[in-house]
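Peer 1: Take this structure, written in structure tokens, and hold onto it; I'll ask about it next.
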Amino acid sequence: MPVTSCGMTRLEEKLKRLKQHLRQWNKDIFRNIFENIKTAEEVAVAEQNFDENSIDANLISMNQSTTLLQQALITKENFWHHNAACKWMCDGERNTKYFHSMVKKKRSHTAITSILHEGASTMDPTLIRATRVEFFHSLL
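Here the numbering used here is used: the first residue of the sequence shown is 40, the next is one more, and so on.
And the structure:
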């Protein structure tokens, strides 16, 4: 279907058509990731039940179902990783709740909450500050 408008309108129409094709491709290739995992787990459980009867065919089938389960779990992990990356790309380092929560988490990991001063551990912020100043003055 050719697009006869110009400029941004044409681009918008093309993107809409691309979106439809990508959604269909996603359904055809990946279907529902979580359903695939559930099905693969059910198959793996069924195969483990047949594990007691150690016929080569059962062993091959069990290995195949285990491989399917691992692939489904990897796909799920990639799905969540991609969603996190998309959220970061969309929100970026703007003034967002997500960004501030990441900064807060990083600050909590790097904050000095206790320090060893004269052989005793202390959590008093004023003593921590004084010890820090004293340490750096001794370096000068």
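Cβ atoms here follow ideal geometry from the backbone N, Cα and C, with glycine treated the same way. All values derive from a computational prediction rather than experimental measurement.
Could you check what DSSP says for residue 100 in three-state terms: helix, strand or coil?
Peer 2: helix
Peer 1: Out of 60, 77, 138, 66, which one is the CA nearest neighbour of residue 110?
Peer 2: A check of alpha carbon separations from residue 110 across 60, 77, 138, 66 identifies 77 as the nearest.
Peer 1: Can you round the beta-carbon distance between residue 151 and residue 115 to whole angstroms, since I take them to be within the 8 angstroms contact cut?
Peer 2: The C-beta distance from residue 151 to residue 115 rounds to 38 angstroms, too long to meet the 8 angstroms contact threshold.
Peer 1: Please say whether residue 108 and residue 83 have beta carbons closer to each other than 7 angstroms?
Peer 2: yes
Peer 1: Grab me the residues of residue 155's own chain with a C-beta within less than 6 angstroms of its C-beta, minus the 5 sequence neighbours each way, in chain order.
Peer 2: Cβ within range, chain order: n/a, list empty.
Peer 1: Alpha carbon to alpha carbon, how far is residue 153 from residue 160? Give it in angstroms, no decimals.
Peer 2: Inter-residue distance for residue 160 and residue 153 is about 7 angstroms (C-alpha atoms, whole angstroms).
Peer 1: Could you name the residues that DSSP lists as bridge partners for residue 160?
Peer 2: 155
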